[in-house]
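Undergrad:
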Amino acid sequence: MKNILYKVENLSKHYIMGEVVVKALRDINFEIYEGEFVVVLGPSGSGKSTLLNIIGGMDTPTSGRVFFKDKEITDYDERKLTEYRRKDVGFIFQFYNLMGNLTARENVELAVEICDDTLDIDEVIQAVDLQSRANHFPSQLSGGEQQRVAIARAASKNPEVLLCDEPTGALDFETGISILKILKKINREFKRTVIIITHNTPIAQMGDRVLKMRSGQIMEYYENNHPIDPERIAW
Amino acid sequence: MKKLDLRLLRMIQHSKGQYIAILIIVITGLLIYTAMNSAITNLETSLQEFYDITNFGDVYIEVMHFPRGAMSEFEKIDNVKEIEGRIVFDVPFISHIKDEKVNVRIVTVSQNENMVNKLFMNEGERRIKGREIIIQKQFAEARGIMIGDEIELQINGLRYAFQIKGIASSPEFAYVMEDEQALMPRPDKFGIVFADEELIASLTGMHAIYNSLVLTLNDENKYKETGRILEKKLDKYGLISMIEKEDQLSNAMMFEEINGVKQISGFIPVVFLFAAAAILAAMISRNVKKDRNVIGILKAMGYSNASILRHYTLYALSIGVVGGTIGILAGTLMSGVMTTMYQTFFYIPVLEVKLYPMTIVNAILMTSVFCTVAGVYGARKVLKISPAEAMRPETPKEGHRIMIESFNIIWKKVSFSWKIVFRNIFREKKKFLFISLGAAITVAMSLMTFWISGMMDNMFTEHYGEFMKMDYNIQFSKPINKGALLDLEKILNPDHIEAKMEMPFEVSNGRASKVVNVIGINRSTKTYTFKDFEGYTVNLPETGALISYNLALAIDAQIGDIIKIDNYIPGKDDAYIRVEGIVKQTLGINVYMNIDYMAETLTGKETINGAYVNTKQNITSDLNHLKNIGGVQSTQEMQNSFLEYLDLTVAMVGFMVIFSGLLGFVIIYSMTIMSINERSMEFSSLRVLGFSKREIFSIILKENTVMSALGFVYGLPLGKLMIDGMRTVYVSDVYTFDAPITLKNILYAYGFTIICLTAAQLITYKKIKNLNFIEALKSRTS
Chain H
2 MKNILYKVEN
12 LSKHYIMGEV
22 VVKALRDINF
32 EIYEGEFVVV
42 LGPSGSGKST
52 LLNIIGGMDT
62 PTSGRVFFKD
72 KEITDYDERK
82 LTEYRRKDVG
92 FIFQFYNLMG
102 NLTARENVEL
112 AVEICDDTLD
122 IDEVIQAVDL
132 QSRANHFPSQ
142 LSGGEQQRVA
152 IARAASKNPE
162 VLLCDEPTGA
172 LDFETGISIL
182 KILKKINREF
192 KRTVIIITHN
202 TPIAQMGDRV
212 LKMRSGQIME
222 YYENNHPIDP
232 ERIAW
Chain G
346 MKKLDLRLLR
356 MIQHSKGQYI
366 AILIIVITGL
376 LIYTAMNSAI
386 TNLETSLQEF
396 YDITNFGDVY
406 IEVMHFPRGA
416 MSEFEKIDNV
426 KEIEGRIVFD
436 VPFISHIKDE
446 KVNVRIVTVS
456 QNENMVNKLF
466 MNEGERRIKG
476 REIIIQKQFA
486 EARGIMIGDE
496 IELQINGLRY
506 AFQIKGIASS
516 PEFAYVMEDE
526 QALMPRPDKF
536 GIVFADEELI
546 ASLTGMHAIY
556 NSLVLTLNDE
566 NKYKETGRIL
576 EKKLDKYGLI
586 SMIEKEDQLS
596 NAMMFEEING
606 VKQISGFIPV
616 VFLFAAAAIL
626 AAMISRNVKK
636 DRNVIGILKA
646 MGYSNASILR
656 HYTLYALSIG
666 VVGGTIGILA
676 GTLMSGVMTT
686 MYQTFFYIPV
696 LEVKLYPMTI
706 VNAILMTSVF
716 CTVAGVYGAR
726 KVLKISPAEA
736 MRPETPKEGH
746 RIMIESFNII
756 WKKVSFSWKI
766 VFRNIFREKK
776 KFLFISLGAA
786 ITVAMSLMTF
796 WISGMMDNMF
806 TEHYGEFMKM
816 DYNIQFSKPI
826 NKGALLDLEK
836 ILNPDHIEAK
846 MEMPFEVSNG
856 RASKVVNVIG
866 INRSTKTYTF
876 KDFEGYTVNL
886 PETGALISYN
896 LALAIDAQIG
906 DIIKIDNYIP
916 GKDDAYIRVE
926 GIVKQTLGIN
936 VYMNIDYMAE
946 TLTGKETING
956 AYVNTKQNIT
966 SDLNHLKNIG
976 GVQSTQEMQN
986 SFLEYLDLTV
996 AMVGFMVIFS
1006 GLLGFVIIYS
1016 MTIMSINERS
1026 MEFSSLRVLG
1036 FSKREIFSII
1046 LKENTVMSAL
1056 GFVYGLPLGK
1066 LMIDGMRTVY
1076 VSDVYTFDAP
1086 ITLKNILYAY
1096 GFTIICLTAA
1106 QLITYKKIKN
1116 LNFIEALKSR
1126 TS
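Going down the list, the protein sequences come from chains H and G. Using this note's numbering, read the first sequence as starting at 2 and increasing by one per residue. Using this note's numbering, read the second sequence as starting at 346 and increasing by one per residue.
(1) Is any beta-carbon of chain G found at less than 9 Å from that of H227 (chain H)?
(2) Which word fits P412 (chain G), buried or exposed, when buried means at least 16 other C-beta atoms lie within 10 angstroms of its C-beta?
(3) Select from G:A627, G:E470 and G:P1085 the residue whose C-alpha is nearest the C-alpha of E879 (chain G).
(4) What residue from G:S966, G:D918 and G:G955 has the CA that sits closest to T948 (chain G)'s CA?
(5) Are three or more beta carbon pairs between the stretch 555-571 of chain G and the stretch 347-362 of chain G nearer than 8 Å?
(6) With S1037 (chain G) as the anchor, note down where its alpha helix (DSSP H) starts and where it stops.
(7) Give me the residue from H:P231, H:R215 and H:F174 with the minimum Cα distance to P44 (chain H).
(8) So who's on the other strand from K24 (chain H), going by DSSP bridges?
(9) With a cut-off of 8 Å on the beta carbons, I'd call L498 (chain G) and F507 (chain G) a contact; round off their distance for me.
(10) Just the Cα atoms here: how many angstroms apart are V863 (chain G) and G933 (chain G)?
(11) Roughly how far, in whole angstroms, is the beta-carbon of A789 (chain G) from the beta-carbon of L618 (chain G), given that I think they are within contact range, below 8 Å?
(12) Taking DSSP as the reference, what is the three-state secondary structure of H441 (chain G)?
(13) By a C-beta neighbour count over all protein chains shown, 10 Å radius and 16 as the cutoff for buried, is A857 (chain G) buried or exposed?
(14) K347 (chain G) touches chain H at which residues, Cβ-Cβ below 7 Å?
(15) Could you check the C-alpha separation between S1127 (chain G) and G46 (chain H) for me, to the nearest Å?
(16) Measuring straight from C-alpha to C-alpha, what distance separates S13 (chain H) and I74 (chain H)?
(17) Helix, strand or coil: how does DSSP classify M409 (chain G) here?
(18) Would you mind giving the Cβ-Cβ distance between G783 (chain G) and G1009 (chain G), rounded to the nearest angstrom? I have them listed as a contact below 8 Å.
(19) Using a Cβ-Cβ cut-off of less than 9 Å, give me the residues of the stretch 622-648 of chain G that come near chain H, in sequence order.
(20) Taking only three categories from DSSP, how would you classify K729 (chain G)?
(21) Quick check: the Cα distance between E389 (chain G) and I603 (chain G), rounded to an integer number of angstroms?
(22) Which of the three DSSP states is assigned to S1005 (chain G) in this structure?
(23) Run down chain G in chain order and give the residues with a C-beta less than 9 Å from the C-beta of K88 (chain H).
(24) Tell me the start and end of each unbroken beta strand (DSSP E) in the stretch 436-502 of chain G that is at least 3 residues and wholly inside, in chain order.
(25) Taking 9 Å as the threshold (C-beta atoms), are G723 (chain G) and L625 (chain G) in contact?
(26) With a CB to CB cut of under 6 Å and the five nearest residues on each side skipped, what residues in its chain are close to L1055 (chain G)?
(27) Closer than 7 Å by beta-carbon distance: list the chain H residues that pair up with H359 (chain G), in chain order.
(28) Once DSSP output is grouped into helix, strand and coil, what is the label at F535 (chain G)?
(29) Hey, E542 (chain G) and T670 (chain G) are a contact pair by Cβ (cut 8 Å); roughly how many whole angstroms apart?
(30) Please tell me whether S216 (chain H) has its Cβ less than 9 Å away from any Cβ of chain G.
(31) Pull up the CB-CB distance for Y809 (chain G) and M529 (chain G), whole angstroms please, since I reckon it's below 8 Å.
(32) Smallest Cα separation from M848 (chain G): which of G:L885, G:G855 and G:I914?
(33) Using the Cβ count rule (16 or more neighbours within 10 Å means buried), how would you classify A685 (chain G)?
(34) Of all Cβ atoms in chain H, is any one closer than 9 Å to the Cβ of N1115 (chain G)?
(35) For E79 (chain H) and chain G, any beta-carbon pair shorter than 9 Å?
(36) Would you give the residue range spanned by the beta strand (DSSP E) that Y582 (chain G) belongs to?
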């Protein structure tokens, strides 16, 4: 019996842009289980980033509820949301978003020093295969290397879940695959839940569960009984 | 070290030019604050200690002849604690340098120790007898006189030799000026000697008679009541003047300086700290805007608002702490230099350079508060940044046309680069305000500095060249008959000579009063030119009086007011005199009257006590041999010593010029660097379009020039405001800062500001030159 990590109930998010109301999420419901590798698939503007931001405690919904391990995070105040982001969530972004004036290792340490129960930094750096580049600044690293630093930074906090917003979006095919392999490795070896949002359909093949979105709604939500290894994906 | 703090350190390292620039402003502000405050506290506390040690007198009385026998009666007056009589008069000091005129003031003392105004012995012995005298330290030092040396003084036309037994300081002469007109001490030309009372009495024939009394009171606050009793009782002894401690010349000059410096030390550092705080707030606010994405990531990682706010505020606070520490250290060192400089004018033997914990604590608190408030204010938008929004690209600002675009005919003729310039100026209103303010502050401060410099220069030339036109001012040792002027004329054979009667009186208007010298001169005087503030000549009236502007301010008198002159002269009543005019006078505080009207209303007899002489010859040696000559002031000598004094002013003005230039430089430099950093994408696009680095720099230059131009306009009224403030602070009994702002002052201020601002902009060219446009276009790291 799998434990529920996220339970999303009637979640809606509306933005007001001038005189237009943009409905980014429209009354969606789903559950995500602990230890899964989930792929949220959808074209640009489908609401997947908004969904990620809300379940990551970075944004608040217009209506609906999100439960994280039975606790309603949509009811949290600013202080509790900060605490939640600090302890339970690790973010990875499309454009890496590293601190330009900190080295790779220091970027990882930046995340670790505000958490209590963290992973060993060297171990994580080794896991992303960055030992020889750890003391380089982001400007001295390639895109793939920068994304690996971002993964190490998110994973080293030892969060319950890694939320990845288009982690391969800015990378070439081979580098993208290598990033996916690392994320899969973290999912398997460190037993962390990984949620990836992407517009890249082939990536869905590696997910334990796939959530397809369009226009703020869930079009399809299914369990993938035969997820494939990242090496076998092609786009 | 925490990684956020490490990021901060690297952020500082990355923007070191700006960091150092703001640091310099904070250091300068703190340096001025600490140096001035410590020097003034040194002066004030040491002065109080000196007064306590020497039992500084509370009341100073000048009297015609006070019999020693009357002393016991005065000791019994309620509130009088101690009373001491002295014989005080000025005599020529015989100099071995040809034609040199040196005067000393003889002050008699008891053979062993005085009760009031005790001498503080620097060297030698206090006990004197016969021809042994004690000499005042500044005079001894200036003339190289040592213990055991012999000096010659001319008393009543006869030369007497005296042996130096000791070198001492007196609280009454910590600041030694011959009179209020002198402005500054001339230690080599005028000094004090303390001689045995019995000896001087026998040489002058003033046996058991004093012409000066000094008292201490049990309660200083009851001076008015005690003064009235004393005045009544002293009437029969020919009371000339009675001055309380507050108005005693040396003490008044000291506090004049102390209060003036206190006001400046409260004002100038605040200007600097405000400027630093404003630049910091702007810089941090722009950094926060630029770091929107970084802040989003930090929040996504779980950093709280407080820790991110702290991160940015620490940048400002670090400037406060580093700048404060360096400023305080440099200021403390500078206070030593200032204190030594003060020693040249104010001689306080117990004066020492100390470290004042309260000044340091105040300075640190002041700078920390300024920088923290600036930091928090600048970084306050951190709180509003939502992490989810920060991850998305910022929505472009709503574009709108600027006002000038509605004038189509003009706008069409504006070149493309000028269009960019105008749009940027009007879209960045805060930056516009800032840069114009930077230019305005530099214009204002340099205008004030050049005005001070010009005014100090003019003060003497105006006073001794235009207001007073005599070559010599001769003071007789006692009032003599008017007829003696003819004898003096025969001896000196001058181009022009005229009599004067100059006596101190208490002048009051309502409740305000002031002891000043009333000067009686001929109505047709050729030695004075009176002018009002509009520059119109004012004639000396037949009746009534003219008063100097600073006296009018002190007693709140206006033309037409009837002022009361308390008459101490025995048998004469107090006089009520109409103010016929208020005249401009840069040095001194006086009342001027027709000499005949003065005799009729105040002095009573056809006597004079001095003369003004115009001659091209040096008459000092002729006067040395004459009896009844109390002192001679040569206008030329006064001007020469003023030029020496001016060296100090030049140094001070130099510092002020540097400080004001620095302020403008830093503001323009910081704002330009900020602008270049923020607009790297825009400039990169222009480079792609084919703009050269020079063309891009010229866009910035044009923007800054237009924005500064406005500062040049309102810098002038701002400068005038500062100058008016200086005028108010520095209206004193001794001098009035009333010089007009000249075109030369304005041109100098503009020229200097242009140099500073151009220098600041030229330095920023390096930033444009080194900007990696390709990297800027593809940069995605924060």
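For every residue, glycine included, the Cβ atom is placed at its ideal position computed from N, Cα and C.
TA: Let me lay it out:
(1) no
(2) exposed
(3) G:P1085
(4) G:D918
(5) no
(6) Careful: S1037 (chain G) lies outside any alpha helix (DSSP H) and carries neither H nor E.
(7) H:R215
(8) H:H15
(9) 6 Å
(10) 11 Å
(11) Their Cβ separation, rounded to whole angstroms, is 17 Å, which puts A789 (chain G) and L618 (chain G) out of contact at 8 Å.
(12) coil
(13) exposed
(14) E114
(15) Note that S1127 (chain G) scores a pLDDT of 44, beneath 50, so its modelled location is shaky; the value from the coordinates is reported in the next line. Each residue's Cα considered, the two are about 25 Å apart.
(16) 15 Å
(17) strand
(18) 5 Å
(19) N638, V639, G641, I642, L643, K644, A645, M646, G647 and Y648
(20) helix
(21) 7 Å
(22) helix
(23) G647
(24) 447-454, 465-469, 477-481 and 495-500
(25) yes
(26) S781
(27) N102
(28) strand
(29) Not a contact, Cβ separation roughly 56 Å.
(30) no
(31) That belief does not hold up - the Cβ atoms of Y809 (chain G) and M529 (chain G) are roughly 14 Å apart, past 8 Å.
(32) G:I914
(33) A quick correction: the sequence has Thr, not Ala, at residue 685 (chain G). T685 (chain G) is exposed by the Cβ-count criterion.
(34) no
(35) yes
(36) Looking at the DSSP string, Y582 (chain G) is not in any beta strand (DSSP E), and its letter there is neither H nor E.
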